[in-house]
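Residue numbers (this note's numbering): 1 to 163.
Structure record follows, encoded as structure tokens.
What follows is the structure, given as structure tokens:
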């Protein structure tokens with residue numbers, strides 16, 4: 001079993017490596033949103049109403065969704081507020097890392113396997129947020145307001161408040 005110190009070291013390494021990669025993905029994704037064909041996410045509120053939060057799989061999904069919505073928000077505000085954007089990326093990476101930790105503990109996955117799965121899932125969820133945010137923008141000139149995305153951000157912000 002990995003020690004707390006080694007998990008923190010792995011976490012910091014993941015954060016450092018992923019920040020640059022995630023910014024590239026965010027910018028690239030925003031440029032190609034016209035070509036994205038993503039299925040919409042259901043709202044987190046609906047998902048949580050229908051699933052047991054005590055189950056590890058529900059917690060893992062929640063962490064991945066929150067990681068994706070924070071990555072999406074980071075990309076949206078990048079030009080207007082780089083500091084907040086960087087903070088959102090850090091939150092996104094921390095949430096993804098927590099989901100990876102839970103996959104290792106609850107699903108007995110190897111760390112590398114859990115990381116790949118977590119990144120793949122977040123990328124898909126992130127693409128859904130991009131597609132849905134674009135649709136919402138066309139409808140009411142907001143990426144968040146009037147959509148499940150703002151509700152998801154509110155739910156996810158509760159996960160980071162207690163830190």
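We put the CB at the ideal spot given by N, CA and C, even for glycine.
Computed from a prediction, not measured in an experiment: that's the story for all the values here.
Problem - Best match in 143, 55, 99, 72 for proximity to residue 116 [C-alpha to C-alpha] - result: 99
Problem - Nearest residue (CA-CA) to residue 102, options 71, 68, 136, 55 - result: 55
Practice task
State the DSSP-derived secondary structure class of residue 144, mapped to helix, strand or coil.
Solution key: coil
Handout entry: Contact under 7 Å by Cβ, residue 69 with residue 156
Key = yes
Exercise for the section: In angstroms with no decimal places, state the Cα-to-Cα distance between residue 20 and residue 67. Expected result: Confidence in residue 20 is poor, its pLDDT being 49 and thus under 50, which makes the residue's placement unreliable; the coordinate value appears in the next sentence. So the alpha carbons of these two residues sit roughly 16 Å apart.
Practice task
Indicate whether residue 175 and residue 74 have their beta-carbon atoms separated by less than 7 Å.
Solution key: This structure gives no information on residue 175, because the portion of the chain shown stretches from 1 to 163.
Practice task
State the Cα-Cα distance for the pair residue 78 and residue 135, rounded to the nearest angstrom.
Solution key: 20 Å
Problem - Three-state secondary structure (DSSP) of residue 42 - result: coil
Problem - Sequence-distant residues of its chain with Cβ nearer than 6 Å to residue 76 (five each side left out) - result: 143
Handout entry: Proximity below 7 Å, CB of residue 72 to CB of residue 126
Key = yes
Practice task
Whole angstroms is fine: what's the gap from residue 90's alpha carbon to residue 139's?
Solution key: 30 Å
Practice task
Could you tell me whether any Cβ in chain C is nearer than 7 Å to the Cβ of residue 45?
Solution key: Chain labels in this structure do not include chain C; a single protein chain is all it has.
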